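One structure is given here, and the rest of the page talks about it.
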Amino acid sequence: MKYKEQLSIVSAFMIPPDTTMRLDCPFCHNKNTLSVTNDDYLLSWYCFHASCKAKGTEKKGVSMKSIKKIFDPQPVVESDIFNVPDSFKQVYANQKAVNWAKAYNCWEAWSWGRVRLRYDVKQNRLVFLIKDFESDEIRGAVGRSLDRETQPKWYMYGNKKYPFYCGEMEDAILVEDCASACAVSSVATGIAMMGTSYNDDWNKYLKKFKTIFICLDRDATTKAFDISNKIRYVGNTKVIVKILDEDLKNFETEKIRSIIYDK
Ligand SMILES: [Zn+2]
């Protein structure tokens, strides 16, 4: 089906702003295979069924949210504003980016709208956008290189003040990288350190969780216990350290659930 026709059908769903929904696909008629995202500036859709080619991205006019911003300006620290570069495209613009996200268990989080992924054409990276814990605004981005030549493997765009997180659960799992944070997000909210040392400013985000599991690998054992000491006295949050031999991004949801919650 032509792009224009797809657009008119997808627009008719009237997806609310800042929402991702899964729907029965009107193009291939498979159940629950179409993901539609209504961002502030983009309407995008993608069908997960192998036989279906439905996908697209449409730039919208100025949204209500942006209009509200103009008339109702919030005091924002200038250095916290992150301007999304033009080189960030929709993730399915690049097959390698899609394959990487699938191989490391980020795809489910993406398809349910828990993470905003992009593809950076300039740096050939799969990009994870960092949201603000409170306002949901974009505060930065982290890109994973998709070839050996592009270094470093993980690159931080913008400031490093905000941790990457994925999911909205009662418990949280602190992990090393964004892909692991996405992989755990059906079990608990994933929070990625991104190689940075623990920032005491993060306490204000972490105290809302019931339990925080710190899951780092054996090389980072000392770091894991240092962090647990910093968080332990924040609110009523319970802190549990789990030293792992393998990254959580290598596992699927049920395996992660048992690693975290089984004795
Ligand atoms: Zn379809």
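Basically this note's numbering = 1-based index in the sequence shown + 1.
Note that CB positions come from ideal geometry on N, CA and C, so glycine has one too.
Please read these numbers as outputs of a predicted model, since none were measured by experiment.
Our contact map puts residue i next to residue j with C-beta atoms below 8 Å; I'd like the distance itself, whole angstroms only.
i    : j    : result
N39  : T20  : 5 Å
I192 : P164 : 5 Å
K61  : Y47  : Contact flag wrong, Cβ pair sits at about 17 Å.
L118 : A102 : 6 Å
K250 : A184 : 5 Å
L1   : G57  : With the chain represented from 2 up to 264, any question about residue 1 goes unanswered, as that position is not in the structure.
S136 : Q91  : So it is not a contact: roughly 23 Å between Cβ atoms.
F252 : N106 : 7 Å
For residue i, which residues from the same chain have a beta carbon less than 6 Å from its beta carbon, with the 5 sequence-adjacent residues on both sides left out?
i    : result
V240 : I213, S229, I232 and R233
S121 : One detail in the question is off: residue 121 reads as Asp in this sequence, not Ser. Hits under 6 Å: S88, F89, V128 and G144.
N200 : none
P27  : I10
A189 : M170, D172, A173 and I174
T222 : I244
S187 : T254
F83  : I139, R140, G141 and G159
F134 : Y206
Y4   : G57
R115 : C167, G168 and S186
A110 : V116, C167, C183 and S186
K211 : E171 and D172
S112 : S36
N266 : No information on residue 266 is available, as it lies outside the stretch 2 to 264 that the chain covers here.
E59  : L8 and L44
Who are the near neighbours of residue i in its chain, counting only those whose CB is closer than 7 Å to its CB and skipping five residues on each side?
i    : result
S52  : C29
K208 : V235, G236 and T238
V85  : I139
A182 : F165, Y166, C167, V176, G191, I192 and A193
K123 : S88
I299 : Because the chain is modelled from 2 through 264, residue 299 falls outside the range shown and cannot be assessed.
I257 : A184, V185, V188 and L249
K224 : L217
W108 : A102
A104 : none
Short of 8 Å in beta carbon distance, which residues of its chain neighbour residue i, apart from the five on each side in sequence? Order them along the chain.
i    : result
F14  : M22, L24 and V37
I195 : Checking the sequence shown, residue 195 turns out to be Met, not Ile. Once the five neighbours on either side are set aside, the close Cβ partners of M195 are V143, W155, M157, K161, P164, F165, E177, D178 and C179.
D202 : K162
T151 : Q124, N125 and R126
So, does the CB of residue i fall closer than 8 Å to a CB anywhere in chain B?
i    : result
L130 : Here there is only one protein chain, and chain B is not present.
Tell me the start and end of each unbroken alpha helix (DSSP H) in the segment 185-241 that is at least 4 residues and wholly inside, in chain order.
204-207 and 222-233
Would the segment 236-245 and the segment 209-216 be scored as touching if the rule is three or more Cβ pairs under 8 Å?
yes
Meets three-Cβ-pair contact criterion under 8 Å: the segment 145-156 and the segment 97-113
yes
Residue list, Cβ distance to ligand 1 heavy atoms smaller than 7 Å:
C26, F28, C29, N31, T34, L35, C48, H50, C53 and A55
Those runs of the alpha helix (DSSP H) which lie wholly inside the segment 98-142 and span at least 4 residues
108-112
Can you check the segment 8-48 for any beta strand (DSSP E) of at least 3 residues that lies completely inside it and give the ranges in chain order?
20-24, 35-39 and 43-48
Beta strand (DSSP E) runs contained entirely in the segment 147-173, provided each spans 3 or more residues:
155-158 and 165-167
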